[in-house]
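Have a look at the structure below, then the notes.
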Amino acid sequence: MTLPPKPPSRPDRVSLWRYLKLFRADILSAQPAKLYRAWMAEFKTPFFQSYLINDHTLIKRVLHERPDDFPKSDRIGAGLRPLLGNSVFLTNGDVWKRQRRIIDPAFEGGRLRDTFPAIWASGEAAVARLAPHADGQPFEIESETSHAAADVIFRTLFSIPIENETATKVFHEFKAYQRTQPILNLAAFVRGPSWMPRFFRKDTKQAAKSIRALITTLTQDRLNQIKNGPVPDDLATKIMTTADPETGEKFDVPEMVDQVAIFFLAGHETSASALAWTLYLLAMYPEWQNKIAAEAAEITQDFSKLSTLKQTRDVFREGLRLYPPVPMMVRESTKPEEFRGRNIKVGAQVVVSPWHLHRQSRLWDNPDGFDPTRWATENGKKCQREAYLPFSSGPRVCTGAGFAMIEGVVLLAQLVRAYRFEIVEERVPVPVAHLTVRSKDGIWLRITPRSEEL
Ligand code: HEM
Numbered sequence: 008m009t010l011p012p013k014p015p016s017r018p019d020r021v022s023l024w025r026y027l028k029l030f031r032a033d034i035l036s037a038q039p040a041k042l043y044r045a046w047m048a049e050f051k052t053p054f055f056q057s058y059l060i061n062d063h064t065l066i067k068r069v070l071h072e073r074p075d076d077f078p079k080s081d082r083i084g085a086g087l088r089p090l091l092g093n094s095v096f097l098t099n100g101d102v103w104k105r106q107r108r109i110i111d112p113a114f115e116g117g118r119l120r121d122t123f124p125a126i127w128a129s130g131e132a133a134v135a136r137l138a139p140h141a142d143g144q145p146f147e148i149e150s151e152t153s154h155a156a157a158d159v160i161f162r163t164l165f166s167i168p169i170e171n172e173t174a175t176k177v178f179h180e181f182k183a184y185q186r187t188q189p190i191l192n193l194a195a196f197v198r199g200p201s202w203m204p205r206f207f208r209k210d211t212k213q214a215a216k217s218i219r220a221l222i223t224t225l226t227q228d229r230l231n232q233i234k235n236g237p238v239p240d241d242l243a244t245k246i247m248t249t250a251d252p253e254t255g256e257k258f259d260v261p262e263m264v265d266q267v268a269i270f271f272l273a274g275h276e277t278s279a280s281a282l283a284w285t286l287y288l289l290a291m292y293p294e295w296q297n298k299i300a301a302e303a304a305e306i307t308q309d310f311s312k313l314s315t316l317k318q319t320r321d322v323f324r325e326g327l328r329l330y331p332p333v334p335m336m337v338r339e340s341t342k343p344e345e346f347r348g349r350n351i352k353v354g355a356q357v358v359v360s361p362w363h364l365h366r367q368s369r370l371w372d373n374p375d376g377f378d379p380t381r382w383a384t385e386n387g388k389k390c391q392r393e394a395y396l397p398f399s400s401g402p403r404v405c406t407g408a409g410f411a412m413i414e415g416v417v418l419l420a421q422l423v424r425a426y427r428f429e430i431v432e433e434r435v436p437v438p439v440a441h442l443t444v445r446s447k448d449g450i451w452l453r454i455t456p457r458s459e460e461l
């Protein structure tokens, strides 16, 4: 059986110069195949020392046991700072802890139920938008999943659909921001030598400024509504009315703008990537697509029925395993450490790679295969606990993990019960690491309505 697309690996030995060039183009194909079975790999360059850890006890130490000793580096995300400011994604220490105390309650299980109608409405809108493209001709699906995921964020945060004038502008400006930043790929997360200047093109700064101005309007308007009531009970209201239990302080407008910028970025790029790859997998394995369509047939806008979408959840989980939207996470050591008998200096980069961990050939059965039944097996359960990190883990786990699992499952169910997705033989997607794992030339599918087949 054909395996899902996997990027080519580089030869084991290449010069540093060649490695840096490959790395800058795409981090995934810049790595040698042996990383899929290594417990740890060391990269020493004249500029930095970097360790990719692929062993769950080490990962546990970094993400769970001593996260404060392995913060995000200040230089990480430098390419994103003009847009994200002091957002929870980039901060460390006490500032980060305070931000999480205010944000986390809005994403707790019980309150997620409140976001469900908005997610459902976004799914219906996505089904409607696809109708003109359900003609069996090749269609690039990432653009649609991106549109749908942006719609979800605006509806759940600010109770406005993506057609809202400000929301549309943010969405388009954001695309412009990415175009001005062609190297805004994972390399932006990696520390360069300290003398290396970080350039921001004038238009990058300008795009960031105009996105932030738009978000500021939304946030200021909401603050006024909160003062004068009535106000929608959405994520923005929840976050803006929550006081830090330790200090009693709430976010002011500039702080909230930073957080909205990251919710938009982290929340829509990732979900868009996960949905597009999972749809591609379903197109590759039509028997699974039919199972999902059957499972989804009875579903209505009833939150309590979501638990019946078991196979859809297993498929989405498998999509997140094979194509984790955040392929690597970078931290910095702040104390001398010993990793697998090696001395790690202060300031070394520590890389946790869901991409490699999810395909670790010494841990997973059939690591490169698509098998949604694995989650019910002993191996699948063990690996889910120890070698599965699509949302990271520990205190710095993705704030939106529960939210994203609902969104992914609901949108998949709605799309697959409405349409049949088929691969386009001559367009096999090649995974590359941009900000998230995307396909080099988009993900192309043929779409036809399911209803016509009944
Ligand atoms: C399939 C969808 C998603 C995936 C795979 C994903 C994955 C991740 C991962 C791996 C991280 C940790 C990054 C790191 O430590 O370097 C993260 C952080 C974060 N995510 Fe998500 N995410 C998803 C959706 C969302 C959504 C929908 C939201 C919000 C609405 C969100 C908000 C955040 C925030 C705020 C952080 C920063 C947390 C912190 O550093 O304390 N994510 N996400």
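Here our numbering runs 7 ahead of the position in the sequence shown, where the first position is 1. A virtual CB, placed ideally from N, CA and C, is assigned to each residue, including glycine. Keep in mind that this is a model prediction, so the values were computed, not measured.
Practice task
Pull up the CB-CB distance for phenylalanine 377 and leucine 288, whole angstroms please, since I reckon it's below 8 Å.
Solution key: About 5 Å separates the beta carbons of phenylalanine 377 and leucine 288, which is inside the 8 Å limit, making them a contact pair.
Problem - lysine 216 versus Pro11, Glu180 and Pro18, residue with shortest Cα-Cα distance - result: Ranking Pro11, Glu180 and Pro18 by Cα distance to lysine 216 puts Glu180 first.
Exercise for the section: Please confirm whether any heavy atom of the ligand HEM lies closer than 7 Å to the CB of valine 435. Expected result: Outside the cutoff, so no.
Problem - As assigned by DSSP and simplified to three states, the class of alanine 157 - result: Alanine 157 falls in the helix class under three-state DSSP.
Problem - Beta-bridge partners of proline 145, as assigned by DSSP - result: DSSP lists Arg453 as partners of proline 145.
Practice task
If I'm right that threonine 211 touches methionine 263 with Cβ under 8 Å, what's the distance once you round it to whole angstroms?
Solution key: Not really, about 23 Å apart at Cβ, beyond 8 Å.
Handout entry: Top-ranked residue by Cα proximity to histidine 63, from Phe77, Lys51, Arg73 and Trp46
Key = Closest by alpha carbon: Trp46.
Problem - Status (buried if at least 16 other CB within 10 Å, exposed otherwise) for methionine 8 - result: With fewer than 16 other Cβ atoms within 10 Å, it is exposed.
Practice task
Could you say which of Trp103, Leu35, Glu325 and Pro39 lies nearest to aspartate 19 if we only look at CA atoms?
Solution key: Sorting Trp103, Leu35, Glu325 and Pro39 by C-alpha distance to the C-alpha of aspartate 19 places Pro39 at the top.
Handout entry: Reduced DSSP category for tyrosine 503 - H, G, I as helix; E, B as strand; rest coil
Key = The chain is shown only over 8 to 461; residue 503 falls outside these bounds and no answer can be derived.
Problem - Exposure of proline 237, with buried meaning 16 or more beta-carbon neighbours within 10 Å - result: By the Cβ neighbour-count rule, proline 237 is exposed, with fewer than 16 other Cβ atoms within 10 Å of its own.
Practice task
Would you tell me roughly how many angstroms separate the C-alpha atoms of proline 426 and glycine 348, rounded to the nearest one?
Solution key: Per the sequence shown, the amino acid found at residue 426 is tyrosine instead of proline. In this structure, the straight-line span from the alpha carbon of tyrosine 426 to that of glycine 348 is close to 53 Å.
Exercise for the section: Output yes or no for whether 8 Å exceeds the beta carbon distance between glycine 354 and alanine 281. Expected result: No, the Cβ-Cβ distance between glycine 354 and alanine 281 is not below 8 Å.
Handout entry: Heavy atom of the ligand HEM within 7 Å of glycine 348 beta-carbon
Key = Answer for glycine 348: no, Cβ out of range of the ligand HEM.
Practice task
Return yes when the C-beta of proline 374 is under 7 Å from any heavy atom of the ligand HEM, and no when it is not.
Solution key: Not so, every heavy atom of the ligand HEM lies at least 7 Å from the Cβ.
Problem - Spatial distance of valine 177 from glutamine 318 (CA atoms) - result: Rounded to the nearest angstrom, the gap between the Cα atoms of valine 177 and glutamine 318 is 35 Å.
Practice task
Consult DSSP for glutamine 56 and reduce its assignment to one of helix, strand or coil.
Solution key: Glutamine 56: strand per DSSP, three-state reduction.
Handout entry: Pairwise C-alpha distance: leucine 442 and glutamine 185
Key = Roughly 9 Å between the two C-alpha positions.
Exercise for the section: Taking only the alpha-carbon atoms, compute the straight-line gap between valine 337 and asparagine 235 and give it to the nearest angstrom. Expected result: C-alpha separation (whole angstroms): 43 Å.
Handout entry: Close beta carbons around glutamine 391, own chain, < 7 Å, minus the five adjacent residues each side
Key = Only Trp382 meet the Cβ criterion.
Problem - Beta-carbon proximity of valine 423 to proline 379, cut-off 8 Å - result: It is not a contact, given that the beta carbons lie outside the stated cut-off.
Practice task
State yes or no: is the beta carbon of proline 438 nearer than 8 Å to at least one beta carbon in chain B?
Solution key: Here there is only one protein chain, and chain B is not present.
Exercise for the section: Would you mind reading off the limits of the alpha helix (DSSP H) that contains phenylalanine 271? Expected result: The continuous alpha helix (DSSP H) containing phenylalanine 271 extends over residues 260-291.
Exercise for the section: Look at the Cβ atom of glutamate 302, then the Cβ atom of leucine 316, and state whether they are nearer than 8 Å. Expected result: Taking a C-beta distance under 8 Å as the contact criterion, glutamate 302 and leucine 316 qualify as a contact pair.
Exercise for the section: Compute the minimum distance between the beta carbon of tryptophan 103 and the heavy atoms of the ligand HEM, and state whether it is under 7 Å. Expected result: At least one heavy atom of the ligand HEM is nearer than 7 Å to the Cβ of tryptophan 103, so yes.
Practice task
Taking only heavy atoms of the ligand HEM into account, decide whether any of them is closer than 7 Å to the Cβ of isoleucine 269.
Solution key: In this structure, the C-beta of isoleucine 269 approaches the ligand HEM to less than 7 Å from one of its heavy atoms.
Handout entry: Inter-residue spacing [alpha-carbon to alpha-carbon] between leucine 87 and serine 80
Key = Going by the C-alpha atoms only, they are around 13 Å apart.
Exercise for the section: Kindly examine the ligand HEM and report whether one of its heavy atoms sits closer than 7 Å to the Cβ of threonine 277. Expected result: Correct: threonine 277 has its Cβ closer than 7 Å to the ligand HEM.
Practice task
Measure the C-alpha to C-alpha separation of leucine 249 and isoleucine 34 and round it to an integer number of angstroms.
Solution key: Here residue 249 is threonine; the residue named in the question, leucine, does not match the sequence. Between threonine 249 and isoleucine 34, the C-alpha separation is close to 39 Å.
Exercise for the section: Report the three-state DSSP secondary structure of phenylalanine 114 (helix, strand or coil). Expected result: In the structure shown, the three-state DSSP call for phenylalanine 114 is helix.
Exercise for the section: Please list, in chain order, all residues of the same chain as isoleucine 246 whose beta carbon is under 8 Å from its beta carbon, the five residues on each side excluded. Expected result: Answer for isoleucine 246: Ile109, Ile110, Ala113, Phe258, Met263 and Gln266, listed in chain order.
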